[in-house]
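Notes to accompany the following structure.
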Amino acid sequence: MERIYIIPRPKIFEEKHLVNIVEYRKYVAEGWRPKNRRAKKNLILQKKRKPWQLFEDQVFLFFKDALKFPFVEKGKHYGRSQVDIAAGIDDILLIIDCKTKEEPGPKNLHTYITAHAGKQGTIKNYIHQQFGKKYKHIQFILVVKDIDYSERDVQYAKESNVYLWGERYFEIIEYLYQIIGPESRYYFLKELAVGDMPIKDGSGRYFECPSLMVQHNSIRIYNFFIEATKLLKLAYVANLDRGTKYFYQRLVNKSRLQEIGQFIEQNGTFKNCIIVSFENRPPRPKIIKSYKSEDDNQINIVHLKIKKIYLSLWIIDGQHRLYGFARVSDMLKKNLLPVVAIEDADKSEQARTFVDINQKQKPVDSSLLWVLFDQLRSDREEGAISRLVKRLANSGIFYGKIYIPGTSRRRRKNYTIFFSNFCKGILDRNIIDAKDNNSLYRLLGKNGYNGGDIDKVANELEKYFRLLCAVSKSTRHPKWINGFILTNNGLNVFLRVFARCLIHCRGVIHLKEWNTLLRAPLKQFFYENYEKIDELRRKTSSEGTREDLAYTIIGLINRSDPSGLFAQEYILRKNHNVTETDTYKVYESLEKNLRKLLKVHLGKISTNWWKERLPEDVRERAEEAHRKGNNPNPFIITQPRNVIECLDFMDYPKIFTRGDNWRDIFKEIFCDEEVLRTWFKELKPIRNKIAHPANMSTDEKSKFLENCEKLNKIIEQKI
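Residues in the sequence shown are numbered consecutively from 181, following my numbering.
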């Protein structure tokens, strides 16, 4: 029968039995209400408990009934100070204060921490008087609910010798309890800096077992069998302070555990190994026998000793197989499990193995891996990027904008930028690529990725995004900042522009030069597109559409650059890629014919046809675009040679169907006004996909070519 761990919950109502009717009125005035009004003898009153009372009871019951602490008491005075909850196990005593938003009194977390720290001396004296030397480690914990706190609060708590637990932290402990039961208590005890926690499992300080051992340079690999009940005490899946509830849900899925538990109950066995790494190097094993392979590699049979310390083996792979045993009977927990353990002095092999397994074989949320790259790939580009984005998230313009799993205090939906999105954007754009001479890698200094000066790189990115925000504010449309620039999609668009700026300036950023280069074209872009902010954010959800918008902005910068050299090679390459497609060639032919049709037939009526025969709004828009050097063609960024080239694609049907034009000329050519408009309406959305043929379906392409062919056939007969 599978074992299920259920979190105990406090009773919502408290009850009181009455025998004296005189007491009734007094209790009713205090908020008590009858539970059994019709009772003739014993009347029971009940009252709903306040949120802060329920929270205290929740924490108390969790330590007492779930985590099975041998000593738990609530609401006692330790000397002159009242303690919400005291929980003791072995030589560790936890002094816990619970604070909620609903509790009467001030909500200043700084005050709570100061108060909790201020009574530590009197509480310790009382504990020594009452318990003697029983508790060697006394830890003070402040558990808060519905109270937001900052990194400064966490730091102040550490300095005050107080551990600060928010709802996120407590949720993780509860989730782990549902997976492995009372043994989950060792996860947070491990992080309370109480030192190694010995496993009291029979005599001796070690679990001993025969093992195969192979050594390669500084790395030793062991292969052995061990009882599941022992490995459950030795192994842990991740550090508690690194994760979130979501993190643990991805690493240990309860539905998979249920399936594995049923498999074990049906006498199922595992043939593949659980992979772990030693947190501390084990005693040098005694070699019993040695063999040499054909490749001259030495394989040893050794007597391995594993110190009995809770959570001293990190599970790299196989957590579901192991934790499946946490849900079965004690008899089945004695089953032997095959294990491969890595002992590596500098931890690099463990890190590589963890990343390879979780990234390539069983994908985990990329945000979680990017957070871990700071430690797992500290000497590589990914590790430096992870540190860079963490630095940006903690101060400056990005403060409070970036969601970092395991660190961010609010829910994911409250952030506009996701950690992995930012990291991948920096990686893909080669912002700190050591092989790219135009990148910011040189700012890291001689230490490079491994301990280089991340602050210098962060400062340059800060300056760039501050410039973007300042320009958008100058257009009096501040919605650009939180509505696009500092969002996942907008960030990736402007990182592409940043990369082009780095190439143009050969990796050297002079703020004055960048301001001169970028301010005017960016101001134009922000001003002309402010009504499309929400639309742009939605449309730039894919890499292709982000590239399109970045291409447009880069084109504006190119036109405003006096030298015309900004991103010139990139623009020419992009132009070539687009203009070489069959669909573009057909479209280009159509636009040339449309312009020629206007010149030929309107020119017959008047030499001043541009002013006399074009709708006023169409003419003014084209003339304004011509003055600015804008080309309405979204695929070609070049200076238009004359004003007619600045007509937008949908301007043509407006000109054709204008009353006098249609009556005098174009009715005879196109016959049906409604059919003409329909052709252009059908062409417009497909035309916008020409730059990315992969996004165009076969039906769309055939429809586009069919309509172009119809129009071209009609026009070519009349020009």
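Virtual Cβ for every residue (Gly too), placed ideally from N, Cα, C.
How long is the line joining the alpha carbons of residue i and residue j, rounded to whole angstroms?
| i | j | result |
| --- | --- | --- |
| residue 640 | residue 689 | 8 Å |
| residue 824 | residue 781 | 14 Å |
| residue 873 | residue 866 | Low per-residue confidence applies at residue 873: pLDDT is 46, beneath 50, and the placement is therefore not dependable, though the value from the model is reported in the following sentence. Cα to Cα, residue 873 sits roughly 10 Å from residue 866. |
| residue 848 | residue 673 | 47 Å |
| residue 893 | residue 850 | 11 Å |
| residue 227 | residue 240 | 20 Å |
| residue 778 | residue 798 | 14 Å |
| residue 441 | residue 383 | 30 Å |
| residue 501 | residue 409 | 12 Å |
| residue 187 | residue 595 | 30 Å |
| residue 913 | residue 664 | One cannot answer for residue 913 here, as it falls past the ends of the chain, which runs 181 to 899. |
| residue 608 | residue 587 | 25 Å |
| residue 251 | residue 244 | 8 Å |
| residue 335 | residue 401 | 39 Å |
| residue 211 | residue 225 | 10 Å |
| residue 787 | residue 684 | 45 Å |
| residue 871 | residue 745 | Reliability of the predicted coordinates at residue 871 is poor, the pLDDT of 49 falling under 50, and the value obtained from them is presented with this limitation in mind. Their backbone Cα atoms lie some 23 Å apart in a straight line. |
| residue 827 | residue 801 | 8 Å |
| residue 836 | residue 842 | 6 Å |
| residue 751 | residue 562 | 29 Å |
| residue 378 | residue 486 | 12 Å |
| residue 725 | residue 293 | 49 Å |
| residue 642 | residue 834 | 46 Å |
Tell me which residue opens and which closes the alpha helix (DSSP H) that residue i is part of.
| i | result |
| --- | --- |
| residue 580 | Per DSSP, residue 580 belongs to no alpha helix (DSSP H) and is neither H nor E. |
| residue 685 | Taken as a continuous stretch (DSSP letters only), residue 685 belongs to no alpha helix (DSSP H), as it is neither H nor E. |
| residue 731 | 723–740 |
| residue 493 | Segment 493–497 is the beta strand (DSSP E) holding residue 493; no alpha helix (DSSP H) there. |
| residue 833 | 831–836 |
| residue 264 | Unbroken run through residue 264 is the beta strand (DSSP E), 261–269; no alpha helix (DSSP H). |
| residue 351 | 347–360 |
| residue 563 | 561–573 |
| residue 212 | Run containing residue 212: none; DSSP gives neither H nor E here. |
| residue 432 | Residue 432 -> no alpha helix (DSSP H), and no H or E assigned at all. |
| residue 649 | 634–654 |
Check for me: the beta strand (DSSP E) holding residue i runs from which residue to which?
| i | result |
| --- | --- |
| residue 400 | 399–407 |
| residue 226 | 223–228 |
| residue 280 | 272–280 |
| residue 392 | 386–396 |
| residue 469 | 466–472 |
| residue 252 | 251–258 |
Our contact map puts residue i next to residue j with C-beta atoms below 8 Å; I'd like the distance itself, whole angstroms only.
| i | j | result |
| --- | --- | --- |
| residue 709 | residue 716 | 7 Å |
| residue 289 | residue 327 | 6 Å |
| residue 687 | residue 618 | 4 Å |
| residue 437 | residue 503 | 6 Å |
| residue 506 | residue 611 | Not confirmed; about 44 Å, so no contact. |
| residue 737 | residue 697 | 7 Å |
| residue 490 | residue 370 | 7 Å |
| residue 488 | residue 386 | 6 Å |
| residue 163 | residue 412 | Outside the displayed range of the chain (181 to 899) lies residue 163, so it cannot be described from this structure. |
| residue 603 | residue 519 | In fact, because the Cβ distance is near 33 Å, the residues do not count as touching under 8 Å. |
| residue 418 | residue 458 | Not confirmed; about 16 Å, so no contact. |
Indicate the three-state DSSP secondary structure (helix, strand or coil) for residue i in the structure shown.
| i | result |
| --- | --- |
| residue 850 | helix |
| residue 480 | strand |
| residue 446 | coil |
| residue 425 | Below a pLDDT of 50, predicted positions are generally treated as unreliable, and residue 425, at 49, falls in that range; the measurement from the model is reported next regardless. Note: residue 425 maps to helix in three-state DSSP. |
| residue 855 | helix |
| residue 521 | strand |
| residue 510 | coil |
| residue 490 | coil |
| residue 453 | coil |
| residue 874 | Because the pLDDT of residue 874 is 44, which lies under 50, any placement of that residue in the model is unreliable, and the number read from its coordinates should be weighed accordingly. In this structure, residue 874 counts as helix in the three-state DSSP scheme. |
| residue 598 | strand |
| residue 415 | strand |
| residue 313 | coil |
| residue 329 | coil |
| residue 371 | coil |
| residue 185 | coil |
| residue 895 | helix |
| residue 485 | strand |
| residue 963 | There is no way to answer for residue 963, as the model of the chain reaches only from 181 to 899. |
| residue 459 | coil |
| residue 710 | helix |
Any heavy atom of the ligand SAH closer than 8 Å to the CB of residue i?
| i | result |
| --- | --- |
| residue 211 | Judged by which ligands are present, the structure shown has none, so any question about the ligand SAH falls away. |
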